[in-house]
């Protein structure tokens with residue numbers, strides 16, 4: 026039992042170590058996958074936003090012209106609205122933070138917002154659809170903040186899975202127009218399982234080792250349980266009860282209230298014979314046969330009486346078990362009184 030428990034503890038410790046290693050490897054793998062997913066999400070958002078803005082602007086049916094002054098670099102942008110004429114200095118850092126080219130596509134985004142038709146919801150829906158094609162179950166949300174020129178108010182709009190709007194899911198804030206009045210913050214929470222690279226060799230090897238250990242543990246425990254049941258069955262078949270006495274036919278012992286007494290081979294054969302016989306009765310001839318005595322032996326009677334007398338002494342601790350001579354049946358019977 027001690028050996029079994031020791032092996033079991035070693036096996037369990039090995040499983041725990043490998044399981045922790047699998048969890049750590051899985052966590053690191055998923056984190057790397059989430060970082061990649063966030064990069065993909067930003068690039069996907071850029072493409073989707075530019076496509077949707079162009080499509081929605083074309084739907085306005087508005088004519089416009091756009092050109093350049095032979096590569097001349099401008100340092101300022103101007104805009105004229107009902108609130109007056111405005112001018113901003115072109116900021117290279119803000120330009121780099123643009124979700125798409127702010128000079129042309131940014132102009133379209135500004136016009137759509139001016140007419141109250143900026144497609145924030147459409148951008149989010151198409152962005153989420155493309156992300157789910159690659160990362161099933163991804164949650165996406167967009168938050169738009171607009172500071173109109175010449176107005177002291179701030180407009181805020183959000184769409185998508187707004188429950189994920191939190192700093193840990195922030196993909197960054199991006200400008201949408203050339204006058205830097207529209208800022209879009211993107212949020213994305215990818216599905217953990219889709220971020221794991223299940224083909225990773227380290228993860229596969231550790232998983233295989235864990236499966237082998239678990240299978241081995243199951244086989245080991247099953248084998249031990251089988252052997253335990255088999256041993257119990259064997260003990261059950263090899264032990265017999267005479268009142269409060271328990272006779273072990275394999276070890277040739279008679280146990281009474283925890284105290285064992287060894288039996289001689291002859292006594293053990295007789296006890297086994299009585300135990301297997303109907304009514305715990307053996308005829309004189311059966312006793313002779315069990316003891317290996319020829320029936321023609323002239324001293325057969327005295328030898329039989331002596332053997333039964335020695336057998337009876339084994340039950341001296343409890344007189345409720347007695348071996349009685351039954352002359353009319355020509356044999357002996359073990360009688361157990363209650």
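Residue numbers (my numbering): 26 to 363. We put the CB at the ideal spot given by N, CA and C, even for glycine. Computed from a predicted model, the values in this text were never measured in an experiment.
Item to complete: Please say whether residue 69 and residue 155 have beta carbons closer to each other than 9 Å?
Response: yes
Discussion item. I need the boundaries of the alpha helix (DSSP H) containing residue 328, first residue and last residue.
Written reply: 325-338
Fill in: Top-ranked residue by Cα proximity to residue 289, from 242, 126 and 272
272
Worksheet item: Exposed or buried, what is residue 248 when buried is set at 16 or more other beta-carbons lying within 10 Å of its beta-carbon?
Response: exposed
Worksheet entry | Residue(s) in a DSSP beta bridge with residue 359 | DSSP lists 348 as the beta-bridge partner residues of residue 359.
Worksheet entry | Beta-carbon proximity of residue 171 to residue 198, cut-off 9 Å | no
Fill in: residue 148 - containing alpha helix (DSSP H), residue span
Looking at the DSSP string, the run of the alpha helix (DSSP H) that includes residue 148 is 145-159.
Practice prompt. Output the boundary residues of the beta strand (DSSP E) element that contains residue 286.
Written response: 284-287
Worksheet entry | Inter-residue spacing [alpha-carbon to alpha-carbon] between residue 292 and residue 363 | 24 Å
Discussion item. I'd like the list of long-range same chain contacts for residue 214, defined as Cβ closer than 6 Å, with 5 residues on each side in sequence excluded.
Written reply: 164, 189 and 194
Worksheet item: Measuring CA to CA, which of 203, 267, 87 and 245 is closest to residue 121?
Response: Nearest to residue 121 by alpha-carbon distance, out of 203, 267, 87 and 245, is 203.
Worksheet entry | CA nearest to the CA of residue 38, picked from 242, 218, 50 and 160 | 242
Discussion item. To the nearest angstrom, how far is the alpha carbon of residue 186 from that of residue 167?
Written reply: 8 Å
Fill in: Cα-Cα separation, residue 332 to residue 296
11 Å
Worksheet entry | Cβ separation of residue 127 and residue 82, assumed to be a contact under 8 Å, to the nearest whole Å | Going by Cβ atoms, the distance from residue 127 to residue 82 rounds to 14 Å, so no, they are not a contact pair.
Discussion item. With a threshold of 6 Å on Cβ separation, who are the neighbours of residue 227 within its own chain once the five nearest residues in sequence on each side are excluded?
Written reply: Here residue 227 has 50 as same chain residues with Cβ atoms under 6 Å from its own Cβ, once five neighbours each way along the sequence are excluded.
Worksheet item: Where do the ends of the alpha helix (DSSP H) carrying residue 139 lie?
Response: 130-139
Worksheet item: From residue 326 to residue 245, what distance separates their C-alpha atoms?
Response: Looking at the two C-alpha atoms, the distance is approximately 56 Å.
Worksheet item: Where does residue 60 sit, in a helix, a strand or coil, going by DSSP?
Response: helix
Practice prompt. Could you work out which residue in 200, 212 and 223 is closest to residue 183 when comparing CA atoms only?
Written response: 212
Worksheet item: What number of angstroms, rounded off, separates the C-alpha of residue 225 from the C-alpha of residue 47?
Response: Taking the Cα positions, residue 225 is about 12 Å away from residue 47.
Discussion item. Considering only their Cβ atoms, is the gap separating residue 125 from residue 238 smaller than 9 Å?
Written reply: Taking C-beta atoms as the reference points, residue 238 and residue 125 fail to come closer than 9 Å.
Worksheet item: Leaving out the 5 sequence neighbours to the left and right, which residues in its chain are closer than 7 Å to residue 281 when beta-carbon positions are compared?
Response: 269, 270, 342 and 343
Practice prompt. Could you tell me if the beta carbon of residue 130 falls within a distance shorter than 8 Å of some heavy atom in the ligand ATP?
Written response: This structure lacks the ligand ATP; in fact it carries no ligand of any kind.
Worksheet item: Does the stretch 130-145 touch the stretch 50-64, meaning 3 or more C-beta pairs lie closer than 8 Å?
Response: no
Practice prompt. Determine the direct distance from the alpha carbon of residue 36 to that of residue 235, and round the result to whole angstroms.
Written response: 11 Å
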